[in-house]
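K.L.:
Under UniProt numbering, the first residue of the sequence shown carries the number 1, and numbering increases by one thereafter.
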Amino acid sequence: MKNLFEILNRILHLRGNLRTTKFRFVSSDHFGPKKLFDLMDVVARCDLEVLDIELTSDSIRDLPWCLFGSDNLVVLKLSGELELDLSDDVSFPNLKILWLKSVKYFNDTSVEKLLSGCPVLEELDVNRPREDNVWNYVISVPSLKRLTLDFSSLQGDPDDDDYLYLSESESDSDQDVKREHHLFVDAPKLEYLKLVDHMSDDISITKMPCLSQAHICVEKYYYMDEGVKPYYESDAFGILRAISNVKCLCLTGYTLRTLVNSENTGMPIFRNLVNLELGFDSWNGPEMLPTLLRASPKLETLYLPEGITCPGERYYNVNEDIFFEYQWKPPKEVPECLLSSLKTVEIWKLCGEEEEELKLVKYFLKNAMVLEKMTIVFHYFPCHDNGMDCFSVKEDVLKKYPRGSPSSKLRVYTPVLVTKE
1 MKNLFEILNR ILHLRGNLRT TKFRFVSSDH FGPKKLFDLM DVVARCDLEV
51 LDIELTSDSI RDLPWCLFGS DNLVVLKLSG ELELDLSDDV SFPNLKILWL
101 KSVKYFNDTS VEKLLSGCPV LEELDVNRPR EDNVWNYVIS VPSLKRLTLD
151 FSSLQGDPDD DDYLYLSESE SDSDQDVKRE HHLFVDAPKL EYLKLVDHMS
201 DDISITKMPC LSQAHICVEK YYYMDEGVKP YYESDAFGIL RAISNVKCLC
251 LTGYTLRTLV NSENTGMPIF RNLVNLELGF DSWNGPEMLP TLLRASPKLE
301 TLYLPEGITC PGERYYNVNE DIFFEYQWKP PKEVPECLLS SLKTVEIWKL
351 CGEEEEELKL VKYFLKNAMV LEKMTIVFHY FPCHDNGMDC FSVKEDVLKK
401 YPRGSPSSKL RVYTPVLVTK E
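Below, the structure is given as C-alpha cells:
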C-alpha cells in the first residue's frame with residue numbers, strides 16, 4: 001500500500017501540462033488519514049471536474065478542507081462513514097451533481113452549509129446511515145432539478161422481520177428517541193423526485209410546479225398500546241399537494257397505507273397526471289384507488305405491478321394470507337379519466353380466485369370508454385392437474401365482460417405453472 005500511495009502521489013505531481021479532470025478513490029483500512037490528507041492536498045490542486053471518494057476505513061473520519069473550495073468541480077460523490085464538520089464556508093460555484101452516501105455530519109448546520117455553497121446544483125442524491133447526527137435535514141436549493149432521498153436505513157423496511165419499531169416506553173426513556181427527525185425540501189425547479197423515507201417524523205415539501213416524475217415511499221411506525229400505528233398522519237397528503245403538478249407518479253404500498261391512516265384527507269387534483277403506478281397495500285387493499293382515479297382527470301395509463309389482492313409471494317393463498325376483508329368499492333360516479341382519457345390498464349399478480357378482483361377488472365372494462373388495451377398477468381399459485389383449465393376458464397370469463405370501448409384489446413398472460421403435491 002505504501003508503494004501504491006507513492007505511485008499515485010508521484011503521478012499527480014509529475015502530470016505536467018496534462019490536465020486531470022476525473023479522480024476516483026476507494027480506500028480501505030490500509031490507507032491511513034495522514035496519507036489520505038497528503039493525497040487529497042495534491043488532488044485539490046488538479047482542478048478536477050469529477051471527484052468520487054469512497055472510504056471504508058474505520059480510521060478515516062474527516063476530509064481535508066482543501067476539497068471544499070474547488071471552482072472547477074462539477075461532480076462530487078462522497079461515500080462512507082465520513083463526518084463532515086463544515087464550520088467554515090463551502091464554495092462549489094460550478095458543482096451540478098452531489099452524491100452523499102452514508103455520510104455523517106457534525107450537526108444540522110453542516111448540511112445547510114454544504115448545500116448553500118452549491119448555487120448551481122442540479123442533482124442531489126442522499127442515502128442516510130442509521131445515525132448521522134442530523135435531526136433537521138433541510139434541502140433548500142433553488143436550482144435543483146433531480147432529487148433522490150433514501151432515508152430508509154434508520155428503521156429499514158416496515159414489512160421486514162428486523163424492522164426497528166419504536167415503542168412508547170422507549171420514547172419515554174430514551175432522550176435520543178424522543179427527538180424527532182424532520183425533513184424540509186424547497187426546490188421549486190425540481191423535475192424528478194424519488195423519496196423513500198421511513199426515518200422522518202415530519203416531512204414538509206414546498207410546491208414543485210415543474211415536477212414531471214415522482215416516486216413516493218413514506219411510512220414510519222410506532223408500537224402503541226393498541227398495536228402498531230403508522231405515524232405520518234398529518235402530512236402524507238401534504239406531500240401529494242406539493243407535487244400535484246406531476247405527470248408520472250408512483251406510490252408504493254407503504255405510502256397508500258399511510259394515506260389511508262392519515263387524519264388529513266385533502267387529496268389534491270392531479271391535473272397533469274398521465275401515468276400512475278400503485279403498489280399493494282397489504283392492510284387495506286385498493287381502498288385509495290377510487291380516490292386517486294377521481295383526482296386524476298387526465299390519466300392515460302394505470303399500472304398495478306404488485307396486484308390488488310396479494311403481497312407478492314409465489315405460493316399465495318387468497319383465503320389464508322390476506323390481511324384485510326377485500327372489497328372493491330367503485331366510485332359513486334364514474335371518474336372523468338375513465339370517460340375521456342384512460343387508454344391503458346395493466347394489472348399483474350391477479351389471483352383469479354377472488355370475486356372482488358374480477359369485479360374490479362369488469363368495472364374498468366365496462367366504464368373505460370376510450371380504453372385501448374388492458375393487460376392481465378395471473379399470479380403464481382399452487383395448482384393440481386386441472387390448473388391450466390382453471391386459468392383458461394378465468395380468461396374466458398374476462399373476455400366475455402362488456403366493454404365500454406368496443407375497440408379495446410384484452411391481453412391475458414398465465415404463469416408457468418408449478419405443480420404442488
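Where is the CB? At the ideal position from N, CA and C, for every residue including glycine.
According to DSSP, which residues form a beta bridge with residue 79?
P.N.:
Residue 79 pairs with 54 and 101.
K.L.:
By the 10 Å Cβ neighbour count, where 16 or more other Cβ atoms means buried, how is residue 26 classified, buried or exposed?
P.N.:
exposed
K.L.:
Could you tell me which residues DSSP puts in a beta bridge with residue 123?
P.N.:
97 and 146
K.L.:
Considering only the alpha carbon of each residue, which of 123, 121 and 137 lies closest to residue 106?
P.N.:
137
K.L.:
Inspect the beta-carbon positions of residue 84 and residue 51 and report whether they are closer than 8 Å.
P.N.:
no
K.L.:
Considering only the beta carbon of each residue, do residue 411 and residue 373 sit closer than 8 Å?
P.N.:
Taking a C-beta distance under 8 Å as the contact criterion, residue 411 and residue 373 qualify as a contact pair.
K.L.:
Would DSSP call residue 199 helix, strand or coil?
P.N.:
coil
K.L.:
Nearest-angstrom Cα distance between residue 371 and residue 210?
P.N.:
29 Å
K.L.:
Rounding to the nearest angstrom, what Cα-Cα distance links residue 195 and residue 245 in this structure?
P.N.:
Rounded to whole angstroms, residue 195 and residue 245 show a C-alpha spacing of 16 Å.
K.L.:
So, for residue 331: in the same chain, excluding its five sequence neighbours on each side, which residues have a beta-carbon less than 7 Å away from its beta-carbon?
P.N.:
Cβ within range, chain order: 290, 293 and 294.
K.L.:
Taking the straight line between their C-alpha atoms, what separation do you get for residue 335 and residue 343?
P.N.:
14 Å
K.L.:
Give me the DSSP bridge partner(s) of residue 350.
P.N.:
378
K.L.:
Thinking C-beta only, is residue 139 closer than 8 Å to residue 185?
P.N.:
yes
K.L.:
May I have the straight-line CA-CA distance separating residue 203 from residue 337, to the nearest angstrom?
P.N.:
30 Å
K.L.:
In the structure shown, what three-state DSSP assignment does residue 304 receive?
P.N.:
strand
K.L.:
Need the endpoints of the alpha helix (DSSP H) that residue 337 sits in, please.
P.N.:
Under the DSSP assignment, residue 337 falls in the alpha helix (DSSP H) whose first and last residues are 336–340.
K.L.:
Apart from the five residues just before and just after residue 213, which ones in its own chain have a Cβ nearer than 6 Å to its Cβ?
P.N.:
192 and 248
K.L.:
Please work out which residues of its chain come closer than 8 Å, Cβ to Cβ, to residue 361, disregarding the five sequence neighbours upstream and downstream, and give them in chain order.
P.N.:
Spatial neighbours of residue 361 in its own chain (CB-CB distance under 8 Å, excluding positions within 5 residues in sequence) are listed in chain order as 347, 350, 374, 376, 398 and 401.
K.L.:
Just to confirm before moving on: does the CB-CB distance between residue 147 and residue 98 stay below 8 Å?
P.N.:
no
K.L.:
In terms of alpha-carbon separation, which member of 379, 284, 103 and 407 lies closest to residue 413?
P.N.:
379
K.L.:
Take residue 123 and list the residues in its own chain whose beta-carbon comes closer than 6 Å to its own, dropping the five residues that flank it on each side.
P.N.:
97 and 146
K.L.:
What is the DSSP secondary structure of residue 20, reduced to helix, strand or coil?
P.N.:
coil
K.L.:
Here's a check: name, in chain order, each residue in its chain whose Cβ is nearer than 6 Å to the Cβ of residue 92, leaving out the five neighbours to either side.
P.N.:
73, 117 and 118
K.L.:
Compute the Euclidean distance between the alpha carbons of residue 23 and residue 78, then round it to the nearest angstrom.
P.N.:
12 Å
K.L.:
Apply the 10 Å Cβ neighbour rule to residue 282 and answer buried if 16 or more other Cβ atoms are within range, or exposed otherwise.
P.N.:
Looking at its Cβ environment, which holds 16 or more other Cβ atoms inside 10 Å, residue 282 is buried.
K.L.:
I'd like to check one pair, residue 104 with residue 90: are the Cβ atoms closer than 8 Å?
P.N.:
no
K.L.:
Decide if residue 266 is buried, meaning its Cβ has at least 16 other Cβ atoms within 10 Å, or exposed.
P.N.:
By the 10 Å Cβ count, residue 266 comes out exposed.
K.L.:
Tell me which residues share the same chain as residue 275 and place their Cβ nearer than 6 Å to its Cβ, disregarding the 5 neighbours each side in the sequence.
P.N.:
Same-chain partners within the cutoff: 248 and 301.
K.L.:
Residue 344 by DSSP, collapsed to three states: which one?
P.N.:
strand
K.L.:
If we count the other Cβ atoms within 10 Å of its Cβ and call it buried at 16 or more, is residue 269 buried or exposed?
P.N.:
exposed
K.L.:
Have a look at residue 197 and residue 396 and give me their C-alpha separation to the nearest angstrom.
P.N.:
43 Å
K.L.:
For the beta strand (DSSP E) holding residue 410, just list the boundary residues, first then last.
P.N.:
409–413
K.L.:
Buried or exposed: residue 131, going by 16 or more other Cβ atoms within 10 Å of its Cβ?
P.N.:
The residue in question, residue 131, is exposed, as its Cβ has fewer than 16 Cβ neighbours within 10 Å.
K.L.:
Less than 7 Å between the CB of residue 116 and some heavy atom of the ligand GTP, yes or no?
P.N.:
Ligands in the displayed structure: none, and consequently the ligand GTP is not present.
K.L.:
Suppose you measure from the CA of residue 224 to the CA of residue 86; what does that come to, to the nearest Å?
P.N.:
Only weak support exists for where residue 224 lies, its pLDDT of 48 falling under 50; the value from the coordinates is given anyway. Each residue's Cα considered, the two are about 39 Å apart.
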